[in-house]
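Structure first, commentary second.
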Amino acid sequence: RGLQRTRAKLASSLRALVFGAKHSQAVMSPKPKSKVLVIGGQFSGTFCARELKKAFHVTVVDAKEYFEYTPGVLRAFVKPCHLDALTFTLQPVLERKMGVKFIWGEVKALNGTEKTATVKFIWGEVKALNGTEKTATVKTMFAGTDEIAYDYCIVCSGCNFGPFKPMGESL
């Protein structure tokens, strides 16, 4: 182990002699990774997170805790067992398999000058189910907001459709 330290010091000294002290420091201490905030964890958001994870510290924020393949949802109406193939929980996939941070919450505000996002966290625990009324009692474990700093922000929040209006009604 002592020999490895000696070699590293010697290599650092040689770089400083040949290239100057600034180059030696730059080689020995790499620049910290920039932070990327991805708003939305569906198709575009997970794609961006996967592509950027090696070069950046990536954080994905989504209001849903699960990924949903929306085009296949109609098939689940006629074949309910198909629903499992259309969805998966985001946190284990993003954090354990992809190595990016996942926050279950909603981005309420972006501050471009400060490069911060105000995130309202969503986290709860089901306490009781009422089968006759088809309701659930959820105890909120943590409901608050926090500021998350970023260097780059990618908005992948998807689209939303307005209500359908009858023919002839003005827009």
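Each position in the sequence shown, counted from 1, maps to that position plus 177 in our numbering.
For every residue, glycine included, the Cβ atom is placed at its ideal position computed from N, Cα and C.
Note that the coordinates shown come from a computational prediction; the quantities given were computed from them, not determined experimentally.
query	result
Nearest neighbour of lysine 212, chosen from Lys292, Glu245, Val296 [CA to CA]	Lys292
Secondary structure of phenylalanine 265, DSSP reduced to three states	strand
For tyrosine 243, the residue or residues it bridges with in DSSP	Thr266
Collapsed DSSP secondary structure at glycine 335 in the structure displayed	coil
Nearest-angstrom Cα separation, counted from cysteine 333 out to histidine 234	17 Å
Terminal residues of the beta strand (DSSP E) in which threonine 295 lies	293-298
Tyrosine 329 classed as buried or exposed, judged by whether at least 16 other C-beta atoms fall within 10 angstroms	exposed
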